[in-house]
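Worksheet: the structure to be examined is printed underneath.
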Amino acid sequence: MAQNEHSPEEVQSPGNLSTPGPEKLRRIVISLFIVFYIAAITLWISPWSRAKQLLLEPVSDQIYFMGVWQGFGVFAPDPRTNNIRIYATITFDDGSSKIWHYPSMEKLGYLERYCREHYRKFGNDCLNSTELLWRDFARFVARKHDSKSKHPRTIALVRTWSETLPIEEGLGKPNPDQSNKYQFYLYRVTAEDLK
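Here you go:
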């Protein structure tokens, strides 16, 4: 066979040139996701405007679903003004009860705090306001505290909070007591939840 000649398998017809193969299609999908991610995050962290609201409205559910949203509520101009904690009151089938505290960052060492920061974000940003997660979170707590001797019967999820002191008043002082309390969900555990 001469050097310039190609086997029939190597020659592509003009119709085949425009059809992307699986590898090319994969690259296109990944590239589109990266572009969407960068655009969504850039738009998400930009200051509020009516245009931002209109652009995010059709895709905000997808952004939340994929977990690509970012919240920077600790920064100006509007930092958080409250300190939220979550705990669960677990009532067992023998009548006893136990309180389980969601991890608090200030009670952890630096390395553990670094590794568990996503717990704080989940508790403050997701669990606090997303009713869709409450049932599964209660089931998680029930499975975590199930034993051969006693089984959870109900899980009460409770939110406590206190106002954060302005920096002029609060610098160097301990956090105010979590004096506000609200039970936001009560779940009756079933046998299937404990599997």
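All you need for the numbering used here is the position in the sequence shown, starting with 1, plus 4. Glycine residues also receive a C-beta, built at the ideal position from the N, C-alpha and C atoms.
With a cutoff of 8 Å on beta-carbon distance, S100 and K154 are scored as near each other.
According to the DSSP assignment, E135 belongs to no beta strand (DSSP E), since it is labelled neither H nor E. Under the three-state reduction of DSSP, V162 is assigned to strand.
By the C-beta density criterion, D197 is buried, having at least 16 other C-beta atoms within 10 angstroms. Between E167 and P180, the CB-CB gap stays under 8 Å. Boundaries of the beta strand (DSSP E) around R192: N184 to R192. Residue range S64 to M70 is occupied by the alpha helix (DSSP H) that includes S64, with no beta strand (DSSP E) assigned at that position. In the three-state reduction of the DSSP assignment, K102 falls in the strand class. Contact annotation: R30 and I88 have beta-carbon atoms that are not nearer than 8 Å. Counting only the Cα atoms, M70 lies some 13 Å from I42.
Between the stretch 128-139 and the stretch 186-193, the count of Cβ pairs shorter than 8 Å is three or higher; the stretches touch. The continuous stretches of alpha helix (DSSP H) do not include F96, which lies in the beta strand (DSSP E) extending over residues N86 to F96.
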